[in-house]
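To get my numbering, take the position in the sequence shown, counting from 1, and add 12.
Notes follow once the structure below has been shown.
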Amino acid sequence: MTQVRSSHFPWAFLSLIALFVLEIVWTLVRPYQGKKPPPQQGEIVKQSKPTPTRVLRPADLQVTLSEIELIGRDSSSKHKDTRAKHRLTIQNNGSVAYRNIMLEFAYQDRKGKTTKTNTCLLEETVGAGHTVSIPEFVADSVPAQTTSCVVAIRHADMESKQ
13 MTQVRSSHFP WAFLSLIALF VLEIVWTLVR PYQGKKPPPQ QGEIVKQSKP TPTRVLRPAD
73 LQVTLSEIEL IGRDSSSKHK DTRAKHRLTI QNNGSVAYRN IMLEFAYQDR KGKTTKTNTC
133 LLEETVGAGH TVSIPEFVAD SVPAQTTSCV VAIRHADMES KQ
């Protein structure tokens, strides 16, 4: 038997692979022919209004005056609650202004036990080094046995310096 050696087999196989690779490249390149890339836009910088920073129990804000006066029965309450008139003074000892101050009212009985806690948002701005007086703030649903009230500042939004 004679052996037939084909020296054309490797070249035929390599040419088929080359045609296959060319077909893949042509398929990938063809969709992008003739199309110009979109023009690149320059960087657009927009100035946005800074958001306030919320400070929990700010040390530089203090309630320097807190007076309470029970003024009558709260007719909207199901319990024997009353209404109270508060007089407050808030002092800012810091170097930044605060606004949206969340006040916490802890109503206490004659034994000093806290019977109820309410919160109230004060939207006024207290400037750096300034004092704000709230001559009359009326609160509803205050327990009738209330003899005193401890007012604290739960949080406030720090005004940004511009």
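Think of the CB as a built atom: it goes at the ideal place given N, C-alpha and C, for glycine as much as any other residue.
Nearest-angstrom Cα distance between residue i and residue j?
{"i": "ILE56", "j": "THR63", "result": "21 Å"}
{"i": "ASN104", "j": "SER145", "result": "12 Å"}
{"i": "PRO50", "j": "ILE102", "result": "59 Å"}
{"i": "VAL75", "j": "ILE165", "result": "8 Å"}
{"i": "LEU191", "j": "LEU77", "result": "The structure shown does not extend to residue 191, since the chain is modelled only from 13 through 174, so no value can be given for it."}
{"i": "ARG66", "j": "VAL41", "result": "55 Å"}
{"i": "GLY54", "j": "MET114", "result": "44 Å"}
Rank the options by C-alpha distance to the C-alpha of residue i and give the top, closest one.
{"i": "THR131", "options": "PRO50, HIS98, THR143 and SER172", "result": "HIS98"}
{"i": "VAL162", "options": "GLY106, ILE83, ARG122 and LEU28", "result": "ARG122"}
{"i": "THR127", "options": "PHE32, VAL150 and VAL154", "result": "VAL154"}
{"i": "GLU116", "options": "LEU100, ALA109, TYR110 and GLY124", "result": "LEU100"}
{"i": "ASP72", "options": "THR158, HIS142, ALA156 and GLN157", "result": "HIS142"}
Ordered along the chain, which non-local residues of its own chain (more than five positions away) have a Cβ less than 6 Å from that of residue i?
{"i": "SER107", "result": "ALA140"}
Is there a Cβ from chain B that is less than 8 Å from the Cβ of residue i?
{"i": "HIS167", "result": "Included in the structure is just one protein chain, with no chain B present."}
According to DSSP, is residue i part of a helix, a strand, or is it coil?
{"i": "VAL37", "result": "helix"}
{"i": "SER27", "result": "helix"}
Going by the DSSP bridge assignment, what does residue i pair with across the sheet?
{"i": "ALA164", "result": "GLU116"}
{"i": "LEU100", "result": "SER78 and ILE146"}
Nearer than 7 Å: is that true of the beta carbon of residue i relative to any heavy atom of the ligand COA?
{"i": "ARG42", "result": "Although the ligand COA was asked about, the structure shown includes no ligands whatsoever."}
Suppose the cutoff is 8 Å on Cβ atoms and the five residues either side in sequence are ignored; what does the same chain contact list for residue i look like?
{"i": "ALA111", "result": "Residue identity differs from the one stated: residue 111 is Arg in this sequence, not Ala. The answer, listed in chain order, is PRO64, GLU135, GLU136, THR137, VAL138, ALA168, ASP169 and GLU171."}
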